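> One structure is given below, represented as structure tokens, and several questions about it will come after.
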Amino acid sequence: MFDIGISELGVIGVVALVVLGPERLPRVARTVGNLLGRAQRYLADVKSEVNRQMDLDELRSMKANVEDSVRQIQTSVADNVGQINDEFDAAWREATSGLRGDADSSGEALPAGPQPYLGDAPNARRTRRQPPAVPVWYRRQSRVRRHALSAAARAARQTRRG
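Just so you know, we're using numbering that gives the first Met the number 0 here: the sequence shown kicks off at 0 and counts up by one.
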């Protein structure tokens, strides 16, 4: 920190010994050491705070750049989706108007589209629905008992085991 050599420290020590005396010199040296330590810690804290602020500013600028990029991507995707929807709607209108025009001119009704499969309704009632399976490890862990035992039955069970 300071550019002081050994000889200069010796001269400072002799002058301090003469000025302060041997009784007060250790106490003053300890106080000066504590003050220098505090100053070094304070400077280190300020330096780390400045570094954190610089990093924070860099992160904020990176965040702003990323947000701008995301907004640009969102707008381009929204524009492309809107354009595709418009093209699809135009093609759909063109295709359906051609079908309606053909059906109207021939006098025939349009054929019905495929019907969804609804299952066998009478057979669906006959089948028994299974309750959802609960894993054994979960039942053991949560202490869910399937059969309730009375106190007498539990006592009898314990005497049989032990």
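Backbone N, C-alpha and C fix where the C-beta goes; we use that ideal spot for every residue, glycine too.
Because the structure is a prediction, the values reported are computed rather than measured.
Is the beta carbon of V27 sitting closer than 8 angstroms to the one on L16?
For the purposes of this step, residue 27 is identified with residue 28 of the sequence shown, where counting begins at 1. For the purposes of this step, residue 16 is identified with residue 17 of the sequence shown, where counting begins at 1. Contact: no.
> Tell me the rounded alpha-carbon separation between L8 and M53.
Here residue 8 refers to the residue found at position 9 when the sequence shown is read from its first residue. Here residue 53 refers to the residue found at position 54 when the sequence shown is read from its first residue. If you take the alpha carbons of L8 and M53, they lie about 38 angstroms apart.
> Return the CA-CA distance between V10 and P21, expressed in angstroms with no decimal places.
Translated into positions along the sequence shown, residue 10 becomes position 11. Translated into positions along the sequence shown, residue 21 becomes position 22. Going by the C-alpha atoms only, they are around 16 angstroms apart.
> In three-state terms, what does DSSP make of G4?
The sequence position of residue 4 within the sequence shown is 5, counting from 1. DSSP places G4 in coil when its eight states are reduced to three.
> On the three-state DSSP scale, how would you describe A89?
Reading the sequence shown from its first residue, position 90 is the one you call residue 89. Helix.
> I'd like the span of the alpha helix (DSSP H) that includes S141, first residue to last.
What you label residue 141 is simply residue 142 of the sequence shown in a count that begins at 1. Here the alpha helix (DSSP H) through S141 covers 135-141.
> Check V38 in the structure and name its three-state DSSP category.
Locating residue 38 in the sequence shown gives position 39, counting from the first residue. In the sequence under discussion, the amino acid at residue 38 is Ala, which differs from the Val named in the question. Looking at A38 - three-state DSSP - the assignment turns out to be helix.
> Secondary structure at P25, three-state DSSP: helix, strand or coil?
If you number the sequence shown from 1, residue 25 lands on position 26. The answer is helix: DSSP assigns P25 an H, G or I state.
> Does DSSP put A132 in a helix, in a strand, or in coil?
Against the sequence shown, residue 132 aligns to sequence position 133. In this structure, A132 counts as coil in the three-state DSSP scheme.
> In terms of residues, what are the limits of the alpha helix (DSSP H) holding A147?
Here residue 147 refers to the residue found at position 148 when the sequence shown is read from its first residue. Counting along the chain, A147 falls outside any alpha helix (DSSP H), and DSSP gives it neither H nor E.
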